[in-house]
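Peer 1:
Residue numbers (our numbering): 348 to 669.
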C-alpha cells in the first residue's frame, strides 16, 4: 500500500507470567493506507487486543516490546514520551471500544463528557458545545441538544455506541481504531452502526483499523483483511481475495466456521479441532501445524515464509511456497 498512515514493522510483544515469557505477538508487519478500512480477524487469543493496546501504548505492566516499530504519521509511537503520546491520543488517533457501558462515565452527562474531551482546544464553551451537537447529529442522535443533558444509562445500547463513535470522531482523527464495536449490539443495530461507520469514514476521510471475530462484519465494511493466528499474521489481502480465494488452511477453516456459510440445518456448528498452542512454549515450525489437516514434514521444522499468492495477496504457508 502507498501513502501509509500506519506502518508496523517487526513488532513483537511479550508478557511476563508465572509460567514464563508469553510471546503474544511475533514479528508483525502491517500497513494501513490513508483513507482505507483494514479489518483484523482471528479467533480469541490470536493477539488482536494486544495489537491495539500496543498501538495506543496501553499495554499491561507485565508486557514488554523487545523489537519493532509503530510508525504513525511518520513518527514512531514507541519512541514518543507519554506526554507526546497523550497529545496524539484522542486527536489524531482515536478508539471505539466494544462495550459503550464501560467506555462512557455513568456519573457524567453526555454533554459534560463530550465537552471534557475537548480540553486541549482553547475555543469557547459555546463553540465546543455546538461542535458536540453537530457530531451527535452526524451519528444519528435525535434532538442532540437535549441529549447532551442525558446520562449514559438513559440511552439504549445502540445510542450509547453512537455517542462513543461521536466522541472518537469529534477531533477529526486521521486513524480510528474500532475494537469490535458491534459485539454488544443486536443484529439490527449492528447493521446500522456499520453503515454509520462507513458513511462517516467516507465523509471525514479517516482510516479505520477494524478489529473483529465476526467475518460477516469484516466482509461488509473492510477493504483489506489481516488474518491473525496465535500472535502471527498468516494471511492478508483484499477483502474479495480473502473471502473468495483463501489460501491459508486456517483462513479456509475460519470461513467454513462462519454461520453464514452453513446452507443446511445441523445440530452442531462447525469448529476448528484442537487448541491454540501454548505461547509460553513454542516448538518452532508452522504455528498452525497441530491443527492443520494438510501439514507436511516441513511444517514441523521450518517457519513458513511470506509468499505472494496473487496480486497483493500474501500468505505464510509451506503449501504455497514457490
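Just so it is clear, CB atoms sit at the ideal spot from N, CA and C, and this is done for glycine as well.
In angstroms with no decimal places, state the Cα-to-Cα distance between residue 644 and residue 563.
Peer 2: By one-based count along the chain shown, residue 644 stands at place 297. By one-based count along the chain shown, residue 563 stands at place 216. Approximately 34 Å between the Cα atoms of the pair.
Peer 1: Have a look at residue 566 and residue 533 and give me their C-alpha separation to the nearest angstrom.
Peer 2: As a first step, residue 566 is located in the chain shown; it is residue number 219 there, counting from the start. As a first step, residue 533 is located in the chain shown; it is residue number 186 there, counting from the start. Using only the alpha carbons, I get a separation of about 18 Å.
Peer 1: Excluding the 5 residues preceding and the 5 following residue 656 in the sequence, name in chain order all residues of the same chain whose CB lies nearer than 7 Å to its CB.
Peer 2: Start at 1 with the first residue of the chain shown, and residue 656 comes out as number 309. Correct list, in chain order: 594, 662, 667.
Peer 1: For the beta strand (DSSP E) containing residue 368, list its first residue and its last residue.
Peer 2: The residue labelled residue 368 in the question sits at position 21 within the chain shown. That run of the beta strand (DSSP E) goes 367 to 380.
Peer 1: Is residue 661 helix, strand or coil by DSSP?
Peer 2: Sequence index remark: in the chain shown, residue 661 carries index 314 (1-based). In this structure, residue 661 counts as strand in the three-state DSSP scheme.
Peer 1: Mark residue 473 as exposed unless 16 or more other C-beta atoms lie within 10 angstroms of its C-beta, in which case mark it buried.
Peer 2: Numbered from 1 along the chain shown, position 126 holds the residue referred to as residue 473. Residue 473 is exposed by the Cβ-count criterion.
Peer 1: Report the rounded CA-to-CA distance for residue 482 versus residue 517, giving the unit in angstroms.
Peer 2: As a working mapping, residue 482 is identified with position 135 in the chain shown. As a working mapping, residue 517 is identified with position 170 in the chain shown. Straight across, the Cα-Cα distance linking residue 482 with residue 517 is about 6 Å.
Peer 1: Is the beta carbon of residue 635 sitting closer than 8 Å to the one on residue 597?
Peer 2: Within the chain shown, residue 635 is the residue found at index 288, counting from 1. Within the chain shown, residue 597 is the residue found at index 250, counting from 1. Yes. Within cutoff.
Peer 1: With a CB to CB cut of under 7 Å and the five nearest residues on each side skipped, what residues in its chain are close to residue 445?
Peer 2: One-based indexing of the chain shown puts residue 445 at position 98. Closer than 7 Å at Cβ, skipping near neighbours: 526, 527, 528, 530, 531.
Peer 1: Short check: CB of residue 388 to CB of residue 559, under 8 Å?
Peer 2: Locating residue 388 in the chain shown gives position 41, where the first residue counts as 1. Locating residue 559 in the chain shown gives position 212, where the first residue counts as 1. For residue 388 and residue 559, yes; Cβs fall inside 8 Å.
Peer 1: In whole angstroms, what separates the C-alpha of residue 348 from that of residue 416?
Peer 2: Looking up residue 348 in the chain shown gives position 1. Looking up residue 416 in the chain shown gives position 69. Residue placement at residue 348 is poorly supported in this model, since its pLDDT is 42, which falls under 50; the coordinates are not used for a value here.
Peer 1: Tell me the residue span of the beta strand (DSSP E) that contains residue 443.
Peer 2: Residue mapping note: residue 443 aligns to position 96 of the chain shown, counting from 1. Note, residue 443: beta strand (DSSP E), 440 to 443.
Peer 1: Would you mind listing the beta strand (DSSP E) stretches within the region 385 to 461 that are 3+ residues and don't spill past its ends, in chain order?
Peer 2: 410 to 419, 440 to 443
Peer 1: Going by beta carbon distance, what residues of the same chain come within less than 6 Å of residue 537, once the five residues before and after it are set aside?
Peer 2: As a working note, residue 537 is residue 190 in the chain shown. These residues qualify, in order along the chain: 529.
Peer 1: Taking the alpha-carbon of residue 486 as reference, which of 492, 544, 450, 447 has the nearest alpha-carbon?
Peer 2: Counting from 1 along the chain shown, the entry for residue 486 is found at position 139. Between residue 486 and the set 492, 544, 450, 447, the nearest pair of CA atoms involves 544.
Peer 1: By DSSP's criteria, residue 356 is part of a beta bridge. Which residues make up the other side?
Peer 2: The sequence position of residue 356 within the chain shown is 9, counting from 1. Partner(s): 416.
Peer 1: Taking only runs of the beta strand (DSSP E) that begin and end inside the region 471 to 526, which ones reach a length of at least 3 residues, in chain order?
Peer 2: Runs of beta strand (DSSP E) with 3 or more residues, each lying fully within the region 471 to 526, are found at 522 to 526, listed in chain order.
Peer 1: Within a Cβ cutoff of 8 Å, which residues of the same chain sit near residue 575, ignoring the five residues on either side of it in sequence?
Peer 2: Position 228 of the chain shown, counted from the start, is the residue given in the question as residue 575. These residues qualify, in order along the chain: 387, 388, 389, 393, 394, 395, 398, 581.
Peer 1: Return the Cβ separation of residue 377 and residue 355 in integer angstroms, given the expectation that the two are a contact with Cβ distance under 8 Å.
Peer 2: One-based indexing of the chain shown puts residue 377 at position 30. One-based indexing of the chain shown puts residue 355 at position 8. Contact annotation, residue 377 with residue 355: C-beta distance approximately 4 Å; criterion of less than 8 Å satisfied.
Peer 1: Going by DSSP, what residue range makes up the beta strand (DSSP E) through residue 579?
Peer 2: Here residue 579 is taken as the residue at index 232 of the chain shown, counted from 1. In the DSSP assignment, residue 579 falls within the beta strand (DSSP E) that extends over 579 to 585.
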